[in-house]
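Trainee: I am attaching a structure below and will ask some questions about it afterwards.
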Amino acid sequence: MIKLTKIISVLLLGLNILTFSQLLRAELTIEITEGVQSAHKIAVVPFAAPQGEKLATDVAQIITQDLAGSGYFNVLARDEMLTYPTQAAQVKFRNWAAIGQDYLVIGFIKKDNNLYHIQMSLFDVYKKEQLKSLRITVEATALTRAAHHLSDAIFQKITGIPGIFTTRIAYVTSRVQENKQRLYNLYVADYDGSNALSIAQSKEPIMSPAWSPDGLKIAYVSFEHKVSEIFIQTLTTGERTSVAKYKGINGSPAWSPDGQQLALTLSKDGNSDIYILNIADLSLRKLTKSWAIDTEAAWSPDGKQIIFTSDRGRRPQLYMMPGNGQGLAKRVTFDGDYNARGSFSADGKTLLMVQGAQGNYRIAVLDLATRTNTVLTDGPLDESPSFAPNGQAIIYARRKGDKEILSTVTLDGQTKTDIESVTAKLREPAWAPRK
Amino acid sequence: MKLINTICALFVMAALLSGCSSNTTKDGLPDGQNTLADSGYNTIDADGTKITEINLDKNISAAEALMQTAEFSDPSSPLSRRVIYFEYDSSQVINEFIPIIEAHGHYLMANPNQRITLEGHSDERGTREYNIALAEQRAKAVYKMLQLIGVMGKQVDIVSYGEEKPVELEHNDDAYALNRRVELVYK
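Heads up: the protein sequence lines correspond to chains A and B, in order.
Read in order, the letters of the first sequence are residues 1275 to 1709 in our numbering.
Read in order, the letters of the second sequence are residues 26 to 212 in our numbering.
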């Protein structure tokens, strides 16, 4: 019941942003570009709509898209279904076993005044048993969000891994307006780019959004005063604080795991170095003191180590050093001639980065224990990778022809989805932590 | 009545703007350069009835007027060249651009009230924040040369945009070469 209330409140919030979000949602397309064969086979039968009503939101279709894009499922096409059961009593397991399905999802939606009750059931086809039954009650505007919640429940039940379908992302857009002026926006959206809400807008560049660990704030760089400046903005209130406006570069904000500090790049003392900002009193501690470029800091999950990009060895590579400054920086990347913008997986065992080799920039992961380097993407200009909260996928920015789009790729490199806009360049995606 | 008020307001605004401009143009710019007509504030057409849209961005600043002088616009003058280009992932000034930086240095020495911004830029390859740092190094390499010539620090501002403001939108080596640059912007 607590869960239900939560969903409703989430969607009420959604209602307020609808006018903003419609603009962008209309022009965003989401496409699964590569799927997998060796995955759970699942059929998601269209849900029965309330009597006499045709819903604008196709709940089963959203679940289908969520599961197919996850890389864990091979979802049966609707026209390959022999029957369309919506209630448990109508399910004949042998029909679904005959067409090779492992799992079956059915459901129906009932309307009660302005509220929609969505009833979903998940079955194991071979065991002929119900694995999960879930009912969610929402207003019409929250049907999409509710569908994502059902996807999370299905995903977790079958894989044992938390789903990411209710998580959010932030990203930056750049578009040229009719008056030829460029306009930059910082958006917060659902994990698939839909329901986007602009939280900051400027004619000058916006860069490097970074979520606070509690998911309530975003730090970012804005050139709105023609020089770089770092802001922290609270999402719910829109309240904004300038936390760094030093002479020179103010860049690469990265939250410490406890949310108390921000690692950032300043060049006020001559060249780019990493500093640690105490958010409460804005006091600064200088972490790196090299003559070279040091930038793009990120914290280890335990808050003890800082990974950063440096060209102290001539080309950019990733280095690691204790966040308290007590110790030397050690180079950690040796594959490829360009490694930058490193970040840790949630368990601290894997590094995610942009890796350049022979002019081809791709997303790679490095297993710190085994030193295994795995390239996940094709290039040629992939950047800004960010782990999904469950660690199973990565979102990044890439070029597709003349367009700048966002893509997700599963850690096995097999399943990819694209998020693109007709009018805007999409860049710098950052996956929000799970609240 | 409303129309007249608007026209009056426009004249006042234009007067204020040109006043501001002349304060900053003591060195070099002829007085009266920023007249109403020059500054894009043509608010009344020939028969004196129609108000055209005012675009504040179209105001010709003192710096823009300076850039239209022969010294800065004649292609044979080194001051007409105000973009310094760089090699990939390098902030070392290429020899052929040194005379251009020297010419600007000498001009700034002779005009100690003149200020410029060095805008550092990079091509789109590599990560955005690294490119911010790289492009700042480029601007600082130009700044260092100006300093050696004797230009005062207070005359020069530096801002790095990294790959955020390309001049060429293509994705090939020719475009990249034109985007790896430091722009000398007179203020």
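Ideal Cβ placement from N, Cα and C applies to all residues, glycine included.
Which parts of the region 1454-1538 of chain A are runs of the beta strand (DSSP E), unbroken and 3 residues or longer, counting only runs that do not cross its ends?
Mentor: 1456-1464, 1471-1476, 1480-1485, 1491-1496, 1503-1508, 1514-1518 and 1524-1529
Trainee: Find the residues of chain B that neighbour Val1501(A), judging by a C-beta separation of less than 9 Å, and give them in chain order.
Mentor: Here residue 1501(A) is taken as the residue at index 227 of the first sequence, counted from 1. Neighbourhood of Val1501(A) in chain B, by CB distance below 9 Å: Asp182 and Val184, in chain order.
Trainee: Starting from the N-terminal side, write out each stretch of the beta strand (DSSP E) that is 3 residues or longer and does not extend beyond the region 1551-1591 of chain A.
Mentor: 1557-1560, 1568-1573 and 1579-1584
Trainee: Give a yes or no on whether the C-beta atoms belonging to Ala1317(A) and Gln1375(A) are separated by under 7 Å.
Mentor: Here residue 1317(A) refers to the residue found at position 43 of the first sequence. Here residue 1375(A) refers to the residue found at position 101 of the first sequence. For Ala1317(A) and Gln1375(A), yes; Cβs fall inside 7 Å.
Trainee: Does chain A have any CB closer than 7 Å to the CB of Glu189(B)?
Mentor: Looking up residue 189(B) in the second sequence gives position 164. Under the 7 Å criterion on CB atoms, Glu189(B) is classed as interfacial with respect to chain A.
Trainee: How many Å lie between Thr1547(A) and Arg150(B) at the Cα?
Mentor: Along the first sequence, read from residue 1 onward, the residue named residue 1547(A) stands at position 273. Along the second sequence, read from residue 1 onward, the residue named residue 150(B) stands at position 125. In the sequence under discussion, the amino acid at residue 1547(A) is Asp, which differs from the Thr named in the question. Answer to the nearest angstrom: the Cα atoms are 21 Å apart.
Trainee: So that I know if they touch, is there some Cβ in chain A lying closer than 7 Å to that of Ala213(B)?
Mentor: For residue 213(B) there is no data in the structure shown, the boundaries of chain B being 26 and 212.
Trainee: If we ignore side chains and look at the alpha-carbon of each, how far apart do Thr142(B) and Ala164(B) end up?
Mentor: On the second sequence, residue 142(B) is found 117 positions in, with the first residue counted as 1. On the second sequence, residue 164(B) is found 139 positions in, with the first residue counted as 1. Going from the Cα of Thr142(B) to the Cα of Ala164(B) covers about 9 Å.
Trainee: Out of Ser1472(A), Arg1442(A), Gln1430(A) and Lys1477(A), state which residue places its alpha-carbon closest to the alpha-carbon of Asn1453(A).
Mentor: Numbered from 1 along the first sequence, position 179 holds the residue referred to as residue 1453(A). For the residues Ser1472(A), Arg1442(A), Gln1430(A) and Lys1477(A), the minimum Cα distance to Asn1453(A) belongs to Lys1477(A).
Trainee: Quick check on the DSSP output: what are the complete alpha helix (DSSP H) runs of length 4 or more inside the region 141-179 of chain B, in order along the chain?
Mentor: 153-174
Trainee: Using a beta-carbon distance cut-off of less than 8 Å, what residues from the region 1654-1666 of chain A approach chain B?
Mentor: Leu1655, Glu1657 and Ser1658
Trainee: Spatial neighbours of Gln58(B) within its chain, please: CB distance less than 6 Å, with the 5 preceding and 5 following residues excluded, ordered by chain position.
Mentor: Position 33 of the second sequence, counted from the start, is the residue given in the question as residue 58(B). Below a pLDDT of 50, predicted positions are generally treated as unreliable, and Gln58(B), at 35, falls in that range; no measurement from the model is reported.
Trainee: So, for His1422(A): in the same chain, excluding its five sequence neighbours on each side, which residues have a beta-carbon less than 6 Å away from its beta-carbon?
Mentor: Within the first sequence, the letter at position 148 stands for residue 1422(A). Cβ neighbours of His1422(A) beyond the five flanking positions: Phe1439 and Thr1440.
Trainee: Is the Cβ of Glu154(B) closer than 7 Å to any Cβ of chain A?
Mentor: For this step, residue 154(B) is matched to residue 129 along the second sequence. Chain A contact via Cβ: present.
Trainee: For Thr1433(A), does the three-state DSSP call read helix, strand or coil?
Mentor: For the purposes of this step, residue 1433(A) is identified with residue 159 of the first sequence, where counting begins at 1. Thr1433(A) falls in the helix class under three-state DSSP.
Trainee: Indicate whether at least one CB of chain A lies closer than 7 Å to the CB of Glu161(B).
Mentor: Counting from one through the second sequence, the residue named residue 161(B) turns up at place 136. Closer than 7 Å to some Cβ of chain A, the Cβ of Glu161(B) qualifies, so yes.
Trainee: Can you list, in chain order, the residues of its chain with a C-beta nearer than 6 Å to that of Lys1519(A)? Leave out the 5 residues immediately preceding and following it.
Mentor: Counting from 1 along the first sequence, the entry for residue 1519(A) is found at position 245. Answer for Lys1519(A): Glu1503, listed in chain order.
Trainee: Could you give the DSSP three-state label for Leu1329(A): helix, strand or coil?
Mentor: Within the first sequence, the letter at position 55 stands for residue 1329(A). Residue state, collapsed to three classes: coil.
Trainee: Is DSSP giving Gly130(B) helix, strand or coil here?
Mentor: If you number the second sequence from 1, residue 130(B) lands on position 105. Helix at Gly130(B).
Trainee: Would Gly1525(A) count as contacting chain B if we go by Cβ distances under 7 Å?
Mentor: As a position in the first sequence, residue 1525(A) is number 251, starting the count at 1. Output row for Gly1525(A): interface = yes.
Trainee: Find the residues of chain A that neighbour His196(B), judging by a C-beta separation of less than 8 Å, and give them in chain order.
Mentor: Walking along the second sequence from the start, residue 196(B) turns up at place 171. Residues of chain A passing the Cβ test: Leu1655, Arg1673 and Asp1676.
Trainee: With 7 Å as the threshold, decide whether the Cβ of Arg1636(A) is near any Cβ in chain B.
Mentor: Reading the first sequence from its first residue, position 362 is the one you call residue 1636(A). Chain B contact via Cβ: absent.
Trainee: Grab me the residues of Ala1427(A)'s own chain with a C-beta within less than 7 Å of its C-beta, minus the 5 sequence neighbours each way, in chain order.
Mentor: Position 153 of the first sequence, counted from the start, is the residue given in the question as residue 1427(A). Annotation for Ala1427(A): Lys1406 and Leu1408 place their beta carbon closer than 7 Å to its own, counting only its chain and skipping 5 residues before and after.
Trainee: Give every residue of the same chain whose Cβ lies closer than 8 Å to the Cβ of Lys1563(A), excluding the five residues on either side of it in the sequence, and list them in chain order.
Mentor: In the first sequence, the residue the question calls residue 1563(A) occupies position 289. Asp1547, listed in sequence order.
Trainee: How big is the Cα-Cα spacing for Thr1684(A) and Lys1690(A)?
Mentor: Taking the first sequence and counting its residues from 1, one reaches residue 1684(A) at position 410. Taking the first sequence and counting its residues from 1, one reaches residue 1690(A) at position 416. Straight-line Cα distance between these residues: approximately 7 Å.
Trainee: Which residues of the region 1594-1617 of chain A have a Cβ closer than 8 Å to any Cβ of chain B? Give them in chain order.
Mentor: Tyr1612, Ala1614 and Arg1615
Trainee: On the criterion of 16 or more Cβ atoms from any shown chain inside 10 Å, does Leu1298(A) qualify as buried, or is it exposed?
Mentor: Within the first sequence, numbered from 1, the residue matching residue 1298(A) stands at position 24. In this prediction, Leu1298(A) scores a pLDDT of 47, lower than 50, which makes its location untrustworthy; the coordinate-derived value is nonetheless stated afterwards. That one is buried.
Trainee: List, in order along the chain, the chain A residues whose C-beta lies closer than 8 Å to that of Glu89(B)?
Mentor: Within the second sequence, numbered from 1, the residue matching residue 89(B) stands at position 64. Here the premise fails: no neighbours, minimum Cβ distance about 16 Å.
Trainee: Could you spell out the range, first to last residue, of the beta strand (DSSP E) harbouring Glu1657(A)?
Mentor: The sequence position of residue 1657(A) within the first sequence is 383, counting from 1. Counting along the chain, the beta strand (DSSP E) containing Glu1657(A) begins and ends at Glu1657 to Phe1661.
Trainee: Confirm, please, whether the CB-CB distance from Tyr1494(A) to Leu1457(A) is below 7 Å.
Mentor: Start at 1 with the first residue of the first sequence, and residue 1457(A) comes out as number 183. Start at 1 with the first residue of the first sequence, and residue 1494(A) comes out as number 220. No, the pair does not count as a contact, with Cβ atoms beyond the cut-off.
Trainee: Relative to the C-alpha of Arg1586(A), which candidate in Ala1566(A), Trp1573(A), Leu1592(A) and Pro1596(A) has its C-alpha closest?
Mentor: If you number the first sequence from 1, residue 1586(A) lands on position 312. The shortest C-alpha separation from Arg1586(A) is found at Ala1566(A).
Trainee: Mind checking Asp1543(A): buried by the 16 CB within 10 Å criterion, or exposed?
Mentor: Counting from 1 along the first sequence, the entry for residue 1543(A) is found at position 269. With fewer than 16 other Cβ atoms within 10 Å, it is exposed.
Trainee: Can you list, in chain order, the residues of its chain whose CB lies under 8 Å from that of Val1399(A), leaving out five sequence neighbours each side?
Mentor: Against the first sequence, residue 1399(A) aligns to sequence position 125. Excluding residues within five positions, the ones whose Cβ falls inside 8 Å are Phe1367, Trp1370, Ala1371, Gln1375, Asp1376, Tyr1377 and Leu1378.
Trainee: With burial defined as no fewer than 16 other Cβ atoms inside 10 Å of the residue's Cβ, what is the status of Ser1295(A): buried or exposed?
Mentor: Counting from one through the first sequence, the residue named residue 1295(A) turns up at place 21. Bear in mind that the predicted position of Ser1295(A) carries a pLDDT of just 41, short of 50, making it unreliable; the figure below should be weighed with that in mind. The residue is buried, with at least 16 neighbouring Cβ atoms inside 10 Å.
Trainee: Say whether the region 1630-1650 of chain A touches the region 1604-1622 of chain A, bearing in mind that this needs 3 or more beta-carbon pairs closer than 8 Å, one atom from each stretch.
Mentor: yes
Trainee: Taking a cut of 7 Å between CB atoms, which residues from the region 1559-1587 of chain A lie near chain B?
Mentor: Ile1567, Thr1569, Glu1570 and Thr1583
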